[in-house]
Amino acid sequence: MELKGLRDDVYRRPLATALDRLGIGPGWTCVDVGAGGGDVSVALAEVVGRTGRVYAVDSDPAARDEVAEAAAAHAQVLAVTQAGEDLRLPEQVDLAFCRFLLLHVLDPAAVLARMATVTRPGGWVVAQEPVTSAGRVDGHPLSMPSARHPDVGALLPALVRDAGLDVVDAWAEAPAGAGPGPVAEYLAALTGVDPGDDAIVLPPLVTVVARTREPAAGGPGPARRLGAPSH
Ligand SMILES: C[S@@+](CC[C@H](N)C(=O)[O-])C[C@H]1O[C@@H](n2cnc3c(N)ncnc32)[C@H](O)[C@@H]1O
Numbered sequence: 551m552e553l554k555g556l557r558d559d560v561y562r563r564p565l566a567t568a569l570d571r572l573g574i575g576p577g578w579t580c581v582d583v584g585a586g587g588g589d590v591s592v593a594l595a596e597v598v599g600r601t602g603r604v605y606a607v608d609s610d611p612a613a614r615d616e617v618a619e620a621a622a623a624h625a626q627v628l629a630v631t632q633a634g635e636d637l638r639l640p641e642q643v644d645l646a647f648c649r650f651l652l653l654h655v656l657d658p659a660a661v662l663a664r665m666a667t668v669t670r671p672g673g674w675v676v677a678q679e680p681v682t683s684a685g686r687v688d689g690h691p692l693s694m695p696s697a698r699h700p701d702v703g704a705l706l707p708a709l710v711r712d713a714g715l716d717v718v719d720a721w722a723e724a725p726a727g728a729g730p731g732p733v734a735e736y737l738a739a740l741t742g743v744d745p746g747d748d749a750i751v752l753p754p755l756v757t758v759v760a761r762t763r764e765p766a767a768g769g770p771g772p773a774r775r776l777g778a779p780s781h
């Protein structure tokens with residue numbers, strides 16, 4: 551899947567792979583939790599089209615203005631200021647998505663539980679989170695002291711399972727490079743330090759693709775009156 555709004559995003563490949571896996575298309579409703587500047591929200595909006603809807607949720611009110619600017623041409627993007635822990639939407643969605651969010655929140659399990667709740671039965675939850683310390687520059691591990699859970703990606707499949715979701719697929723993927731190029735530029739923007747000619751492996755992003763459970767087929771059926779004949 552080509553994601554036009556994400557041309558400069560070095561992590562766009564795992565996102566495209568995940569979206570291909572879902573079969574997302576026109577008319578889908580989605581929520582992008584921790585949307586930031588709205589890059590992923592806009593990419594989703596292009597896929598779901600005018601008949602779809604994308605809620606871009608972020609706890610930082612400044613993100614709303616950024617999203618509004620990024621999504622000016624996409625009326626189907628609705629920016630909402632809300633913490634992921636309090637996630638509430640006017641409708642259930644087909645897809646709840648987050649990327650580079652859970653490493654920053656107080657309680658990743660609580661946010662995943664809210665994402666599961668706002669997703670319709672049989673809908674999709676996709677989370678993409680890093681294992682920061684598995685990244686390398688010139689062979690040395692990366693760290694992100696500002697993040698609450700910099701390695702949350704390493705726990706993600708279990709966190710998603712424990713939120714009551716069925717994990718359909720999970721994998722890790724890391725952009726890598728040496729010398730000038732998009733990977734070095736990304737790292738420089740993140741750290742404020744130019745890595746020069748050093749070899750770089752950015753933090754692997756763990757993607758988990760999961761589904762919410764459908765009500766059990768056949769269910770309890772119509773109530774049988776006590777004492778009534780069973781034949
Ligand atoms: C690193 S940015 C990720 C942006 C975007 N998801 C992406 O992949 O490009 C993290 C975003 O999560 C937001 N955030 C942090 N804690 C949050 C929370 N508890 N609920 C919702 N958003 C939160 C921040 O304000 C920030 O915009």
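So this note's numbering is basically just the index in the sequence shown, starting at one, shifted up by 550. For every residue, glycine included, the Cβ atom is placed at its ideal position computed from N, Cα and C.
Where residue i and residue j are concerned, what is the direct C-alpha to C-alpha distance, given to the nearest angstrom?
i: V497; j: G573; result: The requested residue 497 is not part of the displayed model; the chain covers only 551 to 781.
i: E679; j: A766; result: 31 Å
i: V604; j: S693; result: 32 Å
i: G713; j: D747; result: For the sequence presented, residue 713 should be read as Ala rather than Gly. Each residue's alpha carbon lies about 42 Å from the other.
i: G731; j: R763; result: 43 Å
i: V617; j: L637; result: 18 Å
i: V717; j: G673; result: 12 Å
i: A646; j: R562; result: 17 Å
i: E723; j: V681; result: 10 Å
i: E735; j: D744; result: 8 Å
i: W721; j: G703; result: 10 Å
i: C648; j: A612; result: 18 Å
i: L652; j: V675; result: 14 Å
i: P779; j: V581; result: In this prediction, P779 scores a pLDDT of 46, lower than 50, which makes its location untrustworthy; no coordinate-derived value is stated.
i: V758; j: A677; result: 5 Å
i: H654; j: R761; result: 24 Å
i: R664; j: D644; result: 14 Å
i: S696; j: R571; result: 32 Å
i: Q642; j: V668; result: 5 Å
i: V710; j: A749; result: 33 Å
i: R670; j: A595; result: 19 Å
i: D615; j: V560; result: 24 Å
i: T567; j: D719; result: 11 Å
i: G584; j: T631; result: 10 Å
i: A622; j: G577; result: 19 Å
i: P754; j: A633; result: 25 Å
i: D688; j: R698; result: 25 Å
What I want to know is whether the C-beta of residue i ends up closer than 6 Å to one or more non-hydrogen atoms of ligand 1.
i: L709; result: no
i: R761; result: no
i: R649; result: yes
i: D608; result: yes
i: V657; result: This sequence places Asp at residue 657; Val is not what is there. D657 Cβ: outside cutoff for every heavy atom of ligand 1.
i: A613; result: yes
i: H654; result: yes
i: A633; result: yes
i: G703; result: no
i: D636; result: no
i: G685; result: no
i: G586; result: yes
i: D744; result: no
Return the bridge partner residues of residue i from the DSSP annotation.
i: G727; result: I750
i: R686; result: P691, V751
i: T757; result: Q678, W721
i: D785; result: With the chain covering only 551 through 781, there is no way to say anything about residue 785.
i: A606; result: D582, A629
### Task
Enumerate, from N- to C-terminal direction, the unbroken alpha helix (DSSP H) stretches of 4 or more residues contained entirely within the region 628-669.
658-667
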